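Enquirer:
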Ligand code: CA
């Protein structure tokens, strides 16, 4: 076991952390659990952590505060565990500095898969911000890298959440086609019943904002009133 593959699980609910550690070990990762923000910071300062799974609701502080503090000294990838929708909005806002999130109750298998993807993207510090160099597919000004789960626009890598990435991929694969909110929901979300149509609108909005950063003069996602959205390039 390589030392740098230690996954730090910051979670105060033993039934969740036990499951998670079990799942991580089964897939060849070494995992370690702490139950407070204070311990998490101590552990991280000691080094040797490849990725942090961080619960938002901790006994001594919030995961958001812990994340901010971590970002003061480390770019280690962070996946949030969250139980509430309002928290997702904050994570999506990216002011927090997290890399991804999963909602409770979650599938351990899925979380471990995401740990793997994030670790494959790069080895910690700074790696997430680097532009993609591998060969992918080109759609007009967009570049889709399925291996790295990345999309760039005008050669700038878009800093997308998992659902934004999936949504943009769905659009890119069907240029010019109008997709209803329902179609998007079923193609993008694992449990479409659990998320409303407003979730689709919220993600379109955040996706547009991120695309504007790379391309201020052009709107790629068009709204078709009463029907849905399409992507034109
Ligand atoms: Ca908790």
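Residue numbers (the working numbering): 2 to 234. Glycine included, C-beta positions come from ideal geometry on N, C-alpha and C. Predicted model only: the values in this text are computed from it and were never measured.
1. Is residue 38 near ligand 1, with its Cβ less than 7 Å from a heavy atom?
2. Between residue 59 and ligand 1, is the CB less than 7 Å from at least one heavy atom?
3. For residue 138, list the residues DSSP reports as bridge partners.
4. Take residue 28 and list the residues in its own chain whose beta-carbon comes closer than 6 Å to its own, dropping the five residues that flank it on each side.
5. Excluding the 5 residues flanking residue 177 on each side, which residues of the same chain have their C-beta closer than 7 Å to its C-beta?
6. Which partner residues does residue 151 have in the DSSP bridge list?
7. Could you name the residues that DSSP lists as bridge partners for residue 82?
8. With a threshold of 7 Å (Cβ to nearest heavy atom), would residue 13 be considered close to ligand 1?
9. Which residues does DSSP list as the beta-bridge partners of residue 35?
10. What's the C-alpha gap between residue 37 and residue 8?
11. Provide the residue(s) that pair with residue 27 in DSSP beta bridges, ordered along the chain.
12. Within 10 angstroms of the Cβ of residue 147, are there 16 or more other Cβ atoms? Answer buried if so, exposed if not.
13. In this structure, does DSSP put residue 161 in helix, strand or coil?
14. Spell out the partners DSSP gives residue 225 in its beta bridges.
15. Rounded to the nearest angstrom, what separates residue 181 and residue 198 at their Cα positions?
16. Is any heavy atom of ligand 1 found at a distance shorter than 7 Å from the C-beta of residue 56?
17. Which residue or residues does DSSP assign as beta-bridge partners of residue 45?
18. Could you give the first and the last residue of the continuous alpha helix (DSSP H) run that contains residue 156?
19. Let me know if residue 108 comes out buried or exposed under the rule of 16 or more other beta-carbons within 10 Å of its beta-carbon.
20. Following the continuous alpha helix (DSSP H) through residue 202, name the residue where it begins and the one where it ends.
21. Secondary structure at residue 16, three-state DSSP: helix, strand or coil?
22. Anyone know if the C-beta pair for residue 154 and residue 216 falls short of 8 Å?
23. Smallest Cα separation from residue 50: which of 62, 66, 59, 32?
24. Counting only the same chain and skipping the five closest in sequence on each side, list residues whose C-beta sits under 7 Å from that of residue 34.
Expert: If we stick to the structure as given:
1. If you number the chain shown from 1, residue 38 lands on position 37. Taking 7 Å as the cut-off, one finds no heavy atom of ligand 1 near enough to the beta carbon of residue 38.
2. Locating residue 59 in the chain shown gives position 58, counting from the first residue. Checking every heavy atom of ligand 1 against the Cβ of residue 59, one is found closer than 7 Å.
3. Along the chain shown, one-based indexing puts residue 138 at 137. Residue pairing by DSSP puts residue 138 in a beta bridge opposite 145.
4. Here residue 28 corresponds to residue number 27 of the chain shown, with the count starting at 1. Here the set comprises 113.
5. Indexing the chain shown from 1 puts residue 177 at position 176. The residues 231, 233, in chain order, have a CB closer than 7 Å to that of residue 177 in the same chain once the five nearest residues on each side in sequence are set aside.
6. The residue labelled residue 151 in the question sits at position 150 within the chain shown. Answer is 146, bridged to residue 151.
7. In the chain shown, residue 82 corresponds to position 81, counting from 1. Answer by DSSP bridge pairing, in chain order: 56, 103.
8. Locating residue 13 in the chain shown gives position 12, where the first residue counts as 1. Checking every heavy atom of ligand 1 against the Cβ of residue 13, one is found closer than 7 Å.
9. Locating residue 35 in the chain shown gives position 34, where the first residue counts as 1. Residue pairing by DSSP places residue 35 opposite 11 in a beta bridge.
10. Residue numbering aside, residue 37 sits at position 36 when the chain shown is read from its first letter. Residue numbering aside, residue 8 sits at position 7 when the chain shown is read from its first letter. Rounded to whole angstroms, residue 37 to residue 8 spans 15 Å at the Cα level.
11. Stepping through the chain shown from its first residue, residue 27 is reached at position 26. Per the DSSP secondary-structure output, residue 27 pairs with nothing in a beta bridge.
12. Counted from its first residue, the chain shown places residue 147 at position 146. Around the CB of residue 147, fewer than 16 other CB atoms lie within 10 Å, so the residue is classed as exposed.
13. For this step, residue 161 is matched to residue 160 along the chain shown. In this structure, residue 161 counts as coil in the three-state DSSP scheme.
14. For the purposes of this step, residue 225 is taken as residue 224 along the chain shown, with counting starting at 1. Note: residue 225 sits in a beta bridge opposite 229.
15. Here residue 181 refers to the residue found at position 180 of the chain shown. Here residue 198 refers to the residue found at position 197 of the chain shown. If you take the alpha carbons of residue 181 and residue 198, they lie about 10 Å apart.
16. Reading the chain shown from its first residue, position 55 is the one you call residue 56. At least one heavy atom of ligand 1 lies less than 7 Å from the C-beta of residue 56.
17. Along the chain shown, one-based indexing puts residue 45 at 44. Beta-bridge pairing by DSSP links residue 45 to no other residue.
18. Numbered from 1 along the chain shown, position 155 holds the residue referred to as residue 156. That residue, residue 156, is in no alpha helix (DSSP H); it is neither H nor E in DSSP.
19. Translated into the one-based positions of the chain shown, residue 108 becomes position 107. Exposed is the call here.
20. Indexing the chain shown from 1 puts residue 202 at position 201. Looking at the DSSP string, the run of the alpha helix (DSSP H) that includes residue 202 is 198–215.
21. Here residue 16 is taken as the residue at index 15 of the chain shown, counted from 1. Of the three classes helix, strand and coil, the one that applies to residue 16 here is helix, per DSSP.
22. To locate residue 154, count along the chain shown from 1; it is residue 153. To locate residue 216, count along the chain shown from 1; it is residue 215. A contact, by the Cβ cut-off of 8 Å.
23. Taking the chain shown and counting its residues from 1, the one referred to as residue 50 is at position 49. Nearest C-alpha to residue 50: 32.
24. Position 33 of the chain shown, counted from the first residue, corresponds to residue 34. Contacts found: 10, 12, 18, 22.
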